[in-house]
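**Q**
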């Protein structure tokens with residue numbers, strides 16, 4: 189009876205964790221030592237089924253683009269190696285076919301139940317959909333500071349370290365228009381300097 193209750197509580201906690209990560213646009217995948225997919229959340233399954241950056245072939249997690257797949261398999265092997273490094277995880281990007289923002293993968297070694305997987309070690313991967321995260325962040329900034337969509341786009345580019353010339357090229361606008369966006373954002377966000385604007389924008393991301 190106690191074992192059944194423990195199993196029920198564990199499944200409930202996993203469900204709550206999965207729901208929380210799903211709301212943040214993040215998926216979870218658990219791999220065996222050989223790279224076989226043992227478990228994946230609903231969000232991760234949606235990402236994999238789209239074939240946009242990541243896919244599963246013969247039960248193996250793979251990158252769609254060859255360079256990304258090479259990086260993925262290298263990182264999987266890296267986290268399984270015994271290392272003197274204090275790092276508990278590695279992170280890297282997986283590009284997407286539709287040219288949206290890439291997936292950010294956090295990958296870490298995980299001890300598994302040998303009786304269930306026939307292996308002592310496995311790999312835990314958290315997939316962050318940076319495109320979805322950026323959309324949520326922009327919507328938050330629009331609400332907090334009453335920015336237009338273009339002004340919110342402009343602020344995001346500033347946080348990426350781009351200058352006025354680069355932003356005007358990416359947004360296909362004149363540099364004078366980009367400078368006007370900057371002035372508008374200064375006024376709406378109640379700051380006077382660019383680094384203050386960037387800090388305020390990044391702070392709104394952390395509080396999301």
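Numbering (the working numbering), first residue to last: 189 to 396. Beta carbons are placed, not taken as given, at the ideal position from N, Cα and C, and that holds for glycine. It should be emphasised that the depicted structure is a prediction, and the values quoted were computed from it without experimental measurement.
Could you say which of 267, 293 and 382 lies nearest to residue 232 if we only look at CA atoms?
**A** It is 293.
**Q** Could you say which of 239, 313, 354 and 323 lies nearest to residue 229 if we only look at CA atoms?
**A** 313
**Q** Drop a sphere of 10 angstroms on the beta-carbon of residue 354, count the other beta-carbons inside from all chains shown, and report buried for 16 or more, exposed for fewer.
**A** Exposed is the label assigned to residue 354, since fewer than 16 other Cβ atoms lie within 10 Å of its Cβ.
**Q** Starting from the C-beta of residue 326, find all residues in its chain whose C-beta is less than 6 Å away, skip the five residues before and the five after it, and write them out in chain order.
**A** 340
**Q** Whole angstroms is fine: what's the gap from residue 247's alpha carbon to residue 289's?
**A** Residue 247 and residue 289 have their C-alpha atoms roughly 26 Å apart.
**Q** Since residue 347 and residue 389 are thought to touch, with beta carbons under 8 Å apart, how far apart are those beta carbons, to the nearest angstrom?
**A** Your pair residue 347 and residue 389 checks out as a contact, with CB atoms roughly 5 Å apart and the cut at 8 Å.
**Q** What do you get for residue 338, buried or exposed, if any count of 16 or more other CB atoms within 10 angstroms of its CB means buried?
**A** exposed
**Q** CB-CB under 7 Å to residue 253, same chain, minus the five flanking residues each way: which ones, in chain order?
**A** 283
**Q** Look at the alpha carbon of residue 244 and the alpha carbon of residue 357, and state the distance between them as a whole number of angstroms.
**A** 37 Å
**Q** Identify the continuous alpha helix (DSSP H) that holds residue 297 and give its terminal residues.
**A** Unbroken run through residue 297 is the beta strand (DSSP E), 291-299; no alpha helix (DSSP H).
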